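Below you'll find the structure, written out as structure tokens, and then a few comments.
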Amino acid sequence: MEVNDKVTSEEFSNFIHDIIEKDLEEGVYDKVHTRFPPEPNGYLHIGHAKSIWLNFSTAQKYKGVCNLRFDDTNPTKEDTEYIESIKEDVKWLGFDWEDRLYYASSYFDKLYEYAIQLIKEGKAYVDDLSADEIREYRGTLTEPGKESPYRNRSVEENLDLFIRMKNGEFPDGSRVLRAKIDMSSPNINMRDPVIYRISHTSHHTTGDKWCIYPMYDYAHPISDAIEGITHSICTLEFEDHRPLYNWFLQALNIKNPPKQIEFARLEVSNMVTSKRKLRQLVEEGYVDGWDDPRMPTISGLRRRGYTPEAIKDFCLRTGVAKSKGVVDIALLEHCIREDLKLKQPRIMAVLEPLKVVITNYPEGQVEMLDVENNPENPEMGKRKVPFSRVIYIERGDFMENPPKKFFRLSPGKEVRLKNAYFIKCEEVIKDEKTGEIIELRCTYDPATKSGSGFTGRKVKGTIHWVSKDHGVKAEVRLYDYLFIKEEGKEELTFNKNSLKVLKDCIIEPSVLNAKPGDKFQFLRQGYFTVDIKDSTKDNLVFNRIVSLRSSWK
Ligand code: ATP
Ligand code: MG
């Protein structure tokens, strides 16, 4: 896909929208009502951002609404910490569920009544087979399943047992309620799926009221129906569950049933998008929490310095497809660069400082140089940057014995200091013991001041710098991918060197009043943000959001 064929959310269109438009035209539905249904068993990741974006912006496009519904039917794995983080992430992305915040658990009574109805109509039965036996009886893709010996219990017996399951008379795992569909169906999902299981576990909203919990495949279509959802958008792994989704709605005689539509999950190279695997990284201490700036979670991306605009732009550009594919992470990086390019000031920061003394510059003199905040966006105005006799430059911008094409600073050579003067390196000072270069003695040419119209001679290199007495000390964290693809390996490999911390960086004083979350371009280095968690007034911490250009091949 061309990266610059940008369309707005209003104009965008995909096969799901085609279905919706046909439904509206034919009067199947007279409005559009979608939902984002996360299970609160972890923090949301970039894949969920895609689903949030798709559900909310599709509703917006057709002047409909979108619900936020917590799919909280499995109390053993769920936690209120996750609920709070999910709400925060959806809001941060800029979407609004207004007063439509729901929980599948608020439908437990209704789901139970519907189960009674299914039993009464002979469409569900209590099975005493163990989990292992049920699996055995289920058959395989090539062989039909076998009917359980309990399948033909009378309605009365089923009712009695189910009510006693609900009343807590039986231990976990001893019985289940199953839909009575077809054990020889070619679709395994239709071979009498379990719809209720016994679990003596407290639930975060219903407490100890229930010791039976509905299964996802049963709870989901009914929750959609209760909320009046029209288009129930989900990912491809549920395609084979669609007949079951429809079976429940039909068996319960639900009018105007919702329609399930599947699309391909978003997968991004170098990113793991499975809550289970991400939880493992957190729990085993491979990262500094769910919001570690290297994590593909929404909270990690936020802390890294990604903006909602960039993430939504990425969702739009990756499109909505019916077949699987992996998106190159370079596209995500492109989106954040595009978003920050014209909005953020470009300043000078020296990450690995080397001291430079300009010997012919008057001691004690300070010049306030006029500098454009963003040469590509003049509306951002100008600022003053102090220049003085002692400055820092980037260690990597000096070489004692440079190769031919090195156009930065080296002994006897001249280079331009960005926004200031030409300087020439006259002397290299080394540590007596270690031999390490600790200082350069340079001279400057007052005639070469930037903006003065000097045309006397040209230099090939321009480097950035920060005045020693005015610069602000900061810690800078450089990130690499948490996972890398190794030649010949199917699975991604954990990158042990994904974090580099530089503690002695010097940044121009315009960052003195920077607040957590503020973003900058550091000239020649990339985009950076003030860390929202660890940065303090006395110890500024910056995260590198992304480098300036893609290092990706
Ligand atoms: P995970 O596999 O990471 O646990 P999940 O699908 O189990 O994800 P849910 O909380 O059930 O997580 O997901 C909520 C919604 O987000 C579902 O509708 C699901 O289809 C969608 N979703 C999850 N992962 C992706 C993805 N990678 N791309 C697009 N949508 C996704
Ligand atoms: Mg799930």
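Just so we're aligned: the sequence shown equals residues 23 to 575 in the working numbering. Think of the CB as a built atom: it goes at the ideal place given N, C-alpha and C, for glycine as much as any other residue. This structure is a prediction, so every number in the text was calculated from the model and none was measured.
Measuring only the C-alpha atoms, how far is Thr295 from Tyr308?
The alpha-carbon atoms of Thr295 and Tyr308 are separated by roughly 16 Å.
Kindly indicate which residue of Glu454, Pro59, Asp40 and Gly69 has the alpha-carbon position closest to the one of Leu323.
For the residues Glu454, Pro59, Asp40 and Gly69, the minimum Cα distance to Leu323 belongs to Gly69.
Measure from the alpha carbon of Asp93 to the alpha carbon of each residue in Glu61, Asp101 and Ile105, then state which is nearest.
When only C-alpha atoms are compared, the closest one is Glu61.
Please report how far the alpha carbon of Met498 lies from the alpha carbon of Cys527, in whole angstroms.
Just to set this straight, residue 498 is Val in the shown sequence, not Met. For Val498 and Cys527, the distance between alpha carbons rounds to 7 Å.
Is DSSP giving Ser35 helix, strand or coil here?
If DSSP states are grouped into helix, strand and coil, Ser35 belongs with coil.
Applying the criterion that 16 or more other CB atoms from any shown protein chain within 10 Å of the CB defines a buried residue, is Ser245 buried or exposed?
When all chains shown are included, Ser245 counts as buried.
Write down every uninterrupted run of the alpha helix (DSSP H) in the stretch 317–357 whose length is 4 residues or greater and which is fully enclosed by it, in chain order.
Fully enclosed alpha helix (DSSP H) runs of 4 or longer: 320–326 and 330–340.
Among all residues, which have a Cβ less than 5 Å from at least one non-hydrogen atom of ligand 1, and in what chain order do they fall?
Matched residues: Pro60, Glu61, Gly69, His70, Lys72, Ser73, Cys256, Thr257, Arg287, Leu288, Thr295, Ser296 and Lys297.
State the Cα-Cα distance for the pair Ser432 and Leu439, rounded to the nearest angstrom.
Cα to Cα, Ser432 sits roughly 14 Å from Leu439.
Classify Met293 as buried or exposed, calling it buried when 16 or more other Cβ atoms lie within 10 Å of its own Cβ.
Buried is the call here.
Hey, is Tyr501 close to ligand 4, as in C-beta under 7 Å from one of its heavy atoms?
Summarising the ligand content, the structure contains ligand 1 and ligand 2 and does not contain ligand 4.
Helix, strand or coil for Trp269 per DSSP?
DSSP places Trp269 in helix when its eight states are reduced to three.
Can the beta-carbon of Tyr235 be found closer than 8 Å to that of Thr102?
Not a contact, by the Cβ cut-off of 8 Å.
For the 8 Å Cβ check, are there 3 or more pairs between the stretch 463–477 and the stretch 434–451?
Touching, yes.
Reducing DSSP to helix, strand and coil, say where Ser489 ends up.
Correct three-state label for Ser489: strand.
DSSP beta-bridge partners for Val148?
Answer is Leu199.
Report the rounded CA-to-CA distance for Lys277 versus Ala536, giving the unit in angstroms.
Rounded to the nearest angstrom, the two C-alpha atoms are 57 Å apart.
Does DSSP put Arg122 in a helix, in a strand, or in coil?
Three-state result, Arg122: coil.
Arg405: which of Gly190, Lys377, Met421 and Met370 sits nearest, CA to CA?
Comparing Cα-Cα distances from Arg405 to each of Gly190, Lys377, Met421 and Met370, the minimum goes to Met370.
Is the stretch 530–548 close to the stretch 349–369, with three or more CB pairs under 8 Å?
The answer is yes - the stretch 349–369 touches the stretch 530–548, with three or more Cβ pairs under 8 Å.
Leaving out five residues on either side along the sequence, give the residues of the same chain with a beta carbon under 8 Å from the beta carbon of Tyr125.
Arg91, Phe92, Asp94 and Thr227.
By the three-class DSSP mapping on this structure, what secondary structure does Gly229 have?
DSSP places Gly229 in strand when its eight states are reduced to three.
Could you check whether the stretch 184–196 touches the stretch 158–174, counting it as contact only if at least three pairs of C-beta atoms, one from each stretch, sit closer than 8 Å?
Taking 8 Å as the limit for Cβ pairs, the verdict is that the stretch 158–174 does not touch the stretch 184–196.
Using only alpha-carbon positions, find the residue among Leu373, Leu391, His253 and Lys455 that is nearest to Asp45.
Ranking the options by Cα distance to Asp45, first place goes to His253.
Cβ atoms of Ile413 and Trp576: under 8 Å apart, would you say?
For residue 576 there is no data in the structure shown, the boundaries of the chain being 23 and 575.
Can we say the stretch 549–558 touches the stretch 318–336, given the rule of at least three CB pairs closer than 8 Å?
Enough Cβ pairs lie closer than 8 Å, so yes.
Return the CA-CA distance between Tyr84 and Leu133, expressed in angstroms with no decimal places.
Approximately 30 Å, taken between the alpha carbons.
On a Cα-Cα basis, can you pick out the residue from Asn189, Arg160 and Asp194 that is closest to Asp214?
Per the Cα distances, Arg160.
If we call anything under 8 Å between Cβ atoms a contact, is Pro97 one with Thr223?
Cβ atoms of Pro97 and Thr223: closer than 8 Å.
What does Ile529 pair with, by DSSP beta-bridge criteria?
Note: Ile529 sits in a beta bridge opposite Ala371 and Val494.
What ranges does the beta strand (DSSP E) occupy inside the stretch 40–105, keeping only unbroken runs of at least 3 residues that lie completely in it?
Runs of the beta strand (DSSP E) inside the stretch 40–105: 55–58 and 87–92.
In chain order, what residues of the same chain lie with their CB nearer than 7 Å to the CB of Ser73, ignoring the 5 residues before and after it?
Here the set comprises Phe58.
Assuming contact is defined by CB atoms lying nearer than 8 Å, are Val437 and Val481 in contact in what I supplied?
Contact flag set, yes.
Between the alpha carbons of Trp232 and Asp121, how many angstroms are there, rounded?
Approximately 26 Å between the Cα atoms of the pair.
Does DSSP classify His222 as helix, strand or coil?
In this structure, His222 counts as coil in the three-state DSSP scheme.
Where in the stretch 234–259 do unbroken runs of the alpha helix (DSSP H), each at least 4 residues long, occur, reported from the N-terminal end onward?
The stretch 234–259 contains these whole alpha helix (DSSP H) runs: 238–248.
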